[in-house]
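Engineer:
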Amino acid sequence: MAHDPFRLTVARTAARHLAGVFALGLFTAFLAWLPASPAAAHGDLVSSDPPADGVLTALPSRAFLTFSDSITEVREIAVSGPDGSVTNGEPTVAGAEVQQTLWAGPAGTYTMEYFVVSADGHDVRGQIRFEVGLGASASESDVTAGESGASAAAGTGTDWRQRGRDVALPGGVVMLAAMTALALLHRRRERAEPG
Ligand SMILES: [Cu+2]
1 MAHDPFRLTV ARTAARHLAG VFALGLFTAF LAWLPASPAA AHGDLVSSDP
51 PADGVLTALP SRAFLTFSDS ITEVREIAVS GPDGSVTNGE PTVAGAEVQQ
101 TLWAGPAGTY TMEYFVVSAD GHDVRGQIRF EVGLGASASE SDVTAGESGA
151 SAAAGTGTDW RQRGRDVALP GGVVMLAAMT ALALLHRRRE RAEPG
């Protein structure tokens, strides 16, 4: 039975169909994953001073932002606290580091927003939060709430590309599964009406 030439041909054709569709599915999955890869070249925020979620005794006179790639343009650096903006003058850039002079400010929660252009021409924007003067006096629950809020805020700025990549790969796999299902359906139809 295994040597029936007709059955062998049908099986071979079906196998070839499946292999082709499978390869196409893999290629689609690969393509879906590929565009996210250059994210590694983006000038993402690597560190800052004050650090994200940091608790400081006093507001420093300068803030620093260090990126993973050279910065070619600073669109905006905005630092503000309980009394509003403490951004003092224009920011300066040296390679991958951006520096911003600050006015004095009261204790409380501060946000530092950044909007820069990295060497590869892409916009890099986001924000971090930090606390001034609350280290000793704030209750534990206040600090916890502040920190989780800060992480969420920082996440929107720096992690969305990574999130895009995480979504792209499963998307390709779903496409692959759909194509395999179509191929199986196709094969069943071939069997139903031979010739
Ligand atoms: Cu980029």
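Sequential numbering of the sequence shown, starting at 1, is according to UniProt numbering.
We put the beta carbon where it would ideally sit given N, CA and C, even for glycine.
Since the structure is predicted, the reported quantities are computational estimates derived from the model, not experimental observations.
Opposite Thr87 in the DSSP bridges: which residues?
Structural biologist: Position 87 of the sequence shown, counted from the start, is the residue given in the question as residue 87. Looking at the DSSP assignment, Thr87 forms a beta bridge with Leu102.
Engineer: What separation, rounded to the nearest whole angstrom, lies between the Cα atoms of Thr111 and Ala23?
Structural biologist: The residue given as residue 111 occupies position 111 in the sequence shown. The residue given as residue 23 occupies position 23 in the sequence shown. Spanning the two alpha carbons is a distance of roughly 49 Å.
Engineer: What do you get for Glu76, buried or exposed, if any count of 16 or more other CB atoms within 10 angstroms of its CB means buried?
Structural biologist: Numbered from its first residue, the sequence shown carries residue 76 at position 76. The residue is exposed, with fewer than 16 neighbouring Cβ atoms inside 10 Å.
Engineer: I'd like the list of long-range same chain contacts for Pro50, defined as Cβ closer than 7 Å, with 5 residues on each side in sequence excluded.
Structural biologist: Numbered from 1 along the sequence shown, position 50 holds the residue referred to as residue 50. Closer than 7 Å at Cβ, skipping near neighbours: Leu56, Pro60, Ala63 and Phe130.
Engineer: With a CB to CB cut of under 6 Å and the five nearest residues on each side skipped, what residues in its chain are close to Gly89?
Structural biologist: As a working note, residue 89 is residue 89 in the sequence shown. Contacts found: Thr101.
Engineer: Taking 6 Å as the line, does the beta carbon of His122 fall inside it for any heavy atom of ligand 1?
Structural biologist: As a position in the sequence shown, residue 122 is number 122, starting the count at 1. His122: yes, Cβ under 6 Å from ligand 1.
Engineer: Sorted by chain position, which residues of the same chain lie with C-beta nearer than 7 Å to Pro91's C-beta, five sequence neighbours on each side aside?
Structural biologist: On the sequence shown, residue 91 is found 91 positions in, with the first residue counted as 1. Once the five neighbours on either side are set aside, the close Cβ partners of Pro91 are Val74, Ile77, Val98, Gln99 and Gln100.
Engineer: Return the CA-CA distance between Pro106 and Gly121, expressed in angstroms with no decimal places.
Structural biologist: Here residue 106 is taken as the residue at index 106 of the sequence shown, counted from 1. Here residue 121 is taken as the residue at index 121 of the sequence shown, counted from 1. Going by the C-alpha atoms only, they are around 37 Å apart.
Engineer: Excluding the 5 residues preceding and the 5 following Val46 in the sequence, name in chain order all residues of the same chain whose CB lies nearer than 7 Å to its CB.
Structural biologist: As a working mapping, residue 46 is identified with position 46 in the sequence shown. Result list for Val46: Thr66, Phe67 and Ser68, in chain order.
Engineer: So, at 7 Å on beta carbons, what are the nonlocal neighbours of Asp83 in its own chain, with the 5 sequence-adjacent residues on each side left out?
Structural biologist: Taking the sequence shown and counting its residues from 1, the one referred to as residue 83 is at position 83. Result list for Asp83: Gly105 and Pro106, in chain order.
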